[in-house]
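Number of protein chains: 2
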Amino acid sequence: MNGSKPVKIKTMESSASSTRREATRQKLYEAAVTLIAEQGFSATTVDEIAERAGVAKGTVYYNFASKSVLFEELLRHGVGLLTASLKQAADEAALEGGRQVDALDAMIRAGLVFIDRYPAFTQLYVAELWRTNRAWQSTLMVVRQQAVAVVEDVLRAAVRDGELSEEIDIPLTAAALVGMVLVAALDWQAFQPERSLDDVHAALSRLLQGRVSGGR
Amino acid sequence: MNGSKPVKIKTMESSASSTRREATRQKLYEAAVTLIAEQGFSATTVDEIAERAGVAKGTVYYNFASKSVLFEELLRHGVGLLTASLKQAADEAALEGGRQVDALDAMIRAGLVFIDRYPAFTQLYVAELWRTNRAWQSTLMVVRQQAVAVVEDVLRAAVRDGELSEEIDIPLTAAALVGMVLVAALDWQAFQPERSLDDVHAALSRLLQGRVSGGR
DNA sequence: GCTTTTGCACTGACCAGTCAGTTCAAAAAC
DNA sequence: GTTTTTGAACTGACTGGTCAGTGCAAAAGC
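Top line first, the protein sequences correspond to chains A and B. Quick note, my numbering runs 6 ahead of the 1-based positions in the first sequence. Quick note, my numbering runs 6 ahead of the 1-based positions in the second sequence.
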């Protein structure tokens, strides 16, 4: 028996439907994300996911049509969290009256915080993003575009405000920035975990502000 | 029942080894790299690899002890090519008397050229690099360190020559730079293939030189 | 006459997905 | 207020298929 009642934690979903089911799905997401990040999608078995979630295999199939559907919904779920967090950071920085480049910097930090909190998800996202020929390719493209678009918006605003040169290539620069943050953060976690988030943020910030080689 | 040991150990390859065998291995590498990039390691079957290489399944096992050994050797092979190419670019730039930051720029371009030539390998490398718990983890760590070290060397030289501030965090900055190039290039291939290599190079160069937000 | 490759049958493990049956809390009936 | 019914949620043994790796005799290079 658990002391805590399953209170209605969740969304205003369609209707006041089952909290229980939602909790099960959440457990499955959490189990799946770490396993898939560690081993990859095909190397992870449904039995493993069920076991780690503390649930019977049948339950997985009661809640999701298939292994890959589970994965796709997991992706949507996770990128939703990421873009929300990036947007919030940008908005806050904007409200505080800063320049757009400060918003950019705030987003870098938000990205790092996100990765620090959900390292497994990030790992899995990067590993699957550029795979061709897979069922969830289209899901991933949509979801990537959402994230990159947030950065593009800020870059565009910065150009509009005259903070950045009009010469910059917005889509390419946005992609490069996102990549820089993702990879730097994963490397930090994997190979230099002793560094602090502030260290990493400072290094990236410096790169962005041109204090690495931009002397000119 | 016992005497028929297929003595396969040969190990002393060095140079004069059989050309035929080498050609077979090369075909297997090429077949494996694209299949694994597309589908991932576990989703790719040995039968598929053999078929695409135009070779019998037995041949795969005559040349490699197992599927994962084939993969590990493939990784070593590929990263060898990459670091050689980066080093060469840095050396050439150094000989041409340029500053260290020019060497950095040359390496970015070399990275892009490499990725353009071997997109499948890059894809596969990024997908596997941060996976924990896998047999080839240690192989990958070694191999990553080789690549990053080339960049670190140039950064260190640049600081020594006073071209870069002593404040920069060399390992973190090197990792971020490598990440920026990798991700920007993969994104370019996957989502904006119409852009030219020069476009991508220019965007990254600008970022590095601080002409994106470093105006201050 | 070695090394290398082929072709193919075989095995044993493993795994996605299924389905008949169980559980239990809340609604309905009494 | 007690008993009965209902159905969503869950269970886990089972199935049909897949795949890494083996064994080996014969052919093809070199």
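Even glycine gets a Cβ: it sits at the ideal position worked out from N, Cα and C.
By DSSP, does residue i sit in helix, in strand, or in coil?
i, result
"F197(A)", "helix"
"G51(A)", "Here the sequence assigns Thr to residue 51(A), which means Gly is not the residue at that position. T51(A): coil per DSSP, three-state reduction."
"L188(A)", "helix"
"F70(A)", "coil"
"T25(A)", "helix"
"Y131(A)", "helix"
"I174(A)", "coil"
"L34(B)", "helix"
"E19(A)", "Since pLDDT at E19(A) reaches only 35, below the 50 mark, its modelled position is unreliable, and the value read off the structure follows with that caveat. E19(A): coil per DSSP, three-state reduction."
"R82(B)", "helix"
"R1(B)", "Residue 1(B) is absent from the model: chain B starts at 7 and stops at 222."
"V61(B)", "coil"
"E158(B)", "helix"
"D167(B)", "coil"
"T138(B)", "coil"
"Q215(B)", "coil"
"S202(B)", "coil"
"G117(B)", "helix"
"E102(A)", "coil"
Rounding to the nearest angstrom, what Cα-Cα distance links residue i and residue j in this structure?
i, j, result
"E158(B)", "A182(B)", "11 angstroms"
"K16(A)", "R58(B)", "Any reading at K16(A) must be qualified, since the residue scores a pLDDT of 33, below 50, and its modelled position is unreliable; the value itself is stated next. Straight-line Cα distance between these residues: approximately 49 angstroms."
"F47(B)", "A141(B)", "12 angstroms"
"E54(A)", "D108(A)", "44 angstroms"
"S202(B)", "V119(B)", "11 angstroms"
"D111(A)", "R82(A)", "25 angstroms"
"R26(B)", "F197(B)", "39 angstroms"
"N45(A)", "G104(B)", "A small correction: the amino acid at residue 45(A) is Gln; Asn does not occupy that position in the sequence shown. Answer to the nearest angstrom: the Cα atoms are 44 angstroms apart."
"F216(B)", "L170(B)", "Just to set this straight, residue 216(B) is Gly in the shown sequence, not Phe. Rounded to whole angstroms, G216(B) to L170(B) spans 12 angstroms at the Cα level."
"E79(A)", "W194(B)", "26 angstroms"
"L87(A)", "D204(B)", "35 angstroms"
Return no unless some Cβ of chain B is closer than 8 angstroms to the Cβ of residue i.
i, result
"M113(A)", "no"
"R162(A)", "no"
"A196(A)", "yes"
"T65(A)", "no"
"G216(A)", "yes"
"G84(A)", "no"
"V189(A)", "yes"
"L192(A)", "yes"
"L81(A)", "no"
"A209(A)", "yes"
"L213(A)", "yes"
"V75(A)", "no"
"G117(A)", "no"
Consider the Cβ of residue i: report whether some Cβ of chain A lies at a distance smaller than 8 angstroms.
i, result
"V157(B)", "no"
"R123(B)", "no"
"L203(B)", "no"
"V206(B)", "yes"
Below 7 angstroms, is the gap between the Cβ of residue i and the nearest heavy atom of the ligand NAP?
i, result
"S74(B)", "Although the ligand NAP was asked about, the structure shown includes no ligands whatsoever."
*Closer than 8 angstroms, Cβ to Cβ, to anything on chain A: give me those residues from the region 37-62 of chain B, in chain order.*
A43, E44, Q45, G46, F47, S48 and A49
*Below 9 angstroms between beta carbons is the criterion; list the residues of the region 130-152 of chain B that meet it against any residue of chain A, in chain order.*
V132, A133, E134, L135, W136, R137, T138, N139, R140, M147, R150 and Q151
*Would the region 58-75 of chain B and the region 31-42 of chain B be scored as touching if the rule is three or more Cβ pairs under 8 angstroms?*
yes
*Does the region 120-139 of chain B come within contact of the region 166-183 of chain A, defined as at least 3 CB pairs closer than 8 angstroms?*
no
*Residues of the region 86-115 of chain A whose Cβ lies closer than 8 angstroms to any Cβ of chain B, in chain order*: V107 and L110
*Is the region 62-72 of chain A in contact with the region 82-99 of chain A, if contact means three or more CB pairs nearer than 8 angstroms?*
no
*When Cβ atoms are compared, which residues of the region 166-183 of chain B fall closer than 8 angstroms to chain A?*
E169, L170, S171, E173, I174, D175, P177, L178, T179, A181, A182 and L183
*Should the region 161-168 of chain B be called in touch with the region 154-173 of chain A, which here means at least 3 C-beta pairs below 8 angstroms?*
no
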